[in-house]
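K.L.:
Have a look at this one.
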Amino acid sequence: MSKVESIATVSPQYRAWLQRERRGHLVVRLTQLAILVVFLVLWEVLPKAHIVNPVLTSYPSALWPTFVELLKTTPQQASILSHTWATVLATVLGFTGAMVLGTAVAAALWWWSTLYKVLDPYLVVANAMPKTAFVPIFYIWLGATMSIYGMSLAISVFITILMIYSGFQGIDPNKVKLAQTFGASKGQVLRKVVLPGSVPTLVAALKVNAGLSLVGVVVGEFQSANLVLVISSSMAVRSSR
């Protein structure tokens with residue numbers, strides 16, 4: 052019998068703690084579900100009662116038939132699932148690229164503090180810039196498809212670098228000194244102290260990047276679709292002449 056099993060069998064306090072944990076998880080899940088149900092009910096009831104203008108918000112029962120139609124594939128329109136898959140794929144690629152590149156750059160900045168001092172103002176400015184304004188430039192540089200991936204990456208990579216570097220800097224310096232006292236090299240300190248100690252920051256960056264990457268993809272898709280439409284229209288006008 053393992054130590055945990057022994058404690059669970061012998062200690063009533065441990066069993067009580069497990070029950071409290073299970074109840075806590077159950078309460079959280081039920082509360083989340085209740086919030087979703089209340090939101091959907093209010094969304095359905097308020098527009099139908101004309102408390103909220105239904106022209107502005109619609110309601111779930113009116114959206115459902117349209118959603119079912121969009122699931123169908125027609126000669127004029129692919130299924131919405133195909134479009135959703137393309138958006139999800141672009142989001143995941145941009146999200147993964149931002150995390151990998153952001154972590155690598157943050158590690159380099161931690162490794163060479165002088166490099167961080169040089170690049171810090173540029174990173175701050177790059178993060179503050181309205182990147183959605185550069186979508187046409189991305190379109191010209193990368194084309195209709197790659198510009199979407201580029202926007203997904205660009206909109207999230209700079210905040211990732213700053214967040215992860217701040218996490219690296221927040222590591223307890225006593226732990227770093229202890230590792231150095233035992234003869235750890237700088238690479239070993241990074242791998243065995245800094246990176247493991249920055250897991251909460253990495254998780255926070257993951258949560259932030261999931262939304263930012265999706266925003267970049269959606270903005271890129273809107274802009275690319277508009278530009279393709281404009282180009283197609285202009286070509287049609289020229290051919291008619």
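Residue numbers for the sequence shown follow this note's numbering, so the first one is 52 and each next one is one higher. Where a beta carbon is used, it is the ideal one built from N, C-alpha and C, also for glycine. On a predicted model such as this, the values are computed, not experimentally measured, just so you know.
(1) Does DSSP put Thr124 in a helix, a strand or coil?
(2) What would DSSP say about Phe233, mapped onto helix, strand or coil?
(3) Tell me the rounded alpha-carbon separation between Asn225 and Lys182.
(4) With 16 other CB atoms within 10 Å as the buried threshold, where does Asn104 fall?
(5) Give a yes or no on whether the C-beta atoms belonging to Val244 and Ile210 are separated by under 8 Å.
(6) Assign Val176 to buried or exposed, taking buried as 16 or more other Cβ atoms, counted over all protein chains shown, within 10 Å of its Cβ.
(7) Name the residue from Leu69, Val268 and Gln70 whose alpha carbon lies nearest to the alpha carbon of Tyr44.
(8) Please state the DSSP three-state secondary structure of Asn104.
(9) Measuring straight from C-alpha to C-alpha, what distance separates Gly234 and Val227?
(10) Does the Cβ of Ile282 have 16 or more other Cβ atoms within 10 Å, making it buried, or fewer, making it exposed?
(11) Taking C-beta to C-beta, are Ile212 and Gly262 nearer than 8 Å?
(12) When the Cα atoms are used, what is the spatial distance from Trp136 to Tyr173?
(13) Would Val186 and Val270 be called neighbours here (beta carbons separated by less than 8 Å)?
(14) Alpha carbon to alpha carbon, how far is Thr117 from Thr165?
(15) I need the boundaries of the alpha helix (DSSP H) containing Val143, first residue and last residue.
(16) From Ser249 to Ala255, what does the alpha carbon distance come to, in whole angstroms?
P.N.:
Let me spell this out:
(1) Within the sequence shown, residue 124 is the residue found at index 73, counting from 1. It is coil, neither helix nor strand.
(2) Sequence index remark: in the sequence shown, residue 233 carries index 182 (1-based). Phe233: coil per DSSP, three-state reduction.
(3) Against the sequence shown, residue 225 aligns to sequence position 174. Against the sequence shown, residue 182 aligns to sequence position 131. Those two C-alpha atoms are separated by around 39 Å.
(4) Along the sequence shown, read from residue 1 onward, the residue named residue 104 stands at position 53. It counts as exposed.
(5) Here the question's residue 244 lines up with position 193 in the sequence shown. Here the question's residue 210 lines up with position 159 in the sequence shown. Not a contact, by the Cβ cut-off of 8 Å.
(6) Residue 176 sits at position 125 when you count from the first residue of the sequence shown. Val176 is exposed by the Cβ-count criterion.
(7) Residue 44 lies beyond the range of the chain shown here (52 to 292); nothing can be said about it.
(8) Translated into positions along the sequence shown, residue 104 becomes position 53. Coil at Asn104, not helix or strand.
(9) Working through the sequence shown from its first residue, we reach residue 234 at position 183. Working through the sequence shown from its first residue, we reach residue 227 at position 176. Computed Cα separation, rounded: 11 Å.
(10) One-based indexing of the sequence shown puts residue 282 at position 231. Model confidence at Ile282 stands at a pLDDT of 42, short of 50, so the residue's coordinates are unreliable and nothing is read from them.
(11) To locate residue 212, count along the sequence shown from 1; it is residue 161. To locate residue 262, count along the sequence shown from 1; it is residue 211. No, they are not a contact pair.
(12) Position 85 of the sequence shown, counted from the start, is the residue given in the question as residue 136. Position 122 of the sequence shown, counted from the start, is the residue given in the question as residue 173. A direct Cα-Cα distance of roughly 35 Å separates Trp136 from Tyr173.
(13) The count along the sequence shown starts at 1 and reaches residue 186 at position 135. The count along the sequence shown starts at 1 and reaches residue 270 at position 219. Cβ atoms of Val186 and Val270: closer than 8 Å.
(14) Locating residue 117 in the sequence shown gives position 66, where the first residue counts as 1. Locating residue 165 in the sequence shown gives position 114, where the first residue counts as 1. Those two C-alpha atoms are separated by around 57 Å.
(15) Residue mapping note: residue 143 aligns to position 92 of the sequence shown, counting from 1. Segment Ile131 to Trp162, the alpha helix (DSSP H) holding Val143.
(16) Translated into the one-based positions of the sequence shown, residue 249 becomes position 198. Translated into the one-based positions of the sequence shown, residue 255 becomes position 204. Computed Cα separation, rounded: 10 Å.
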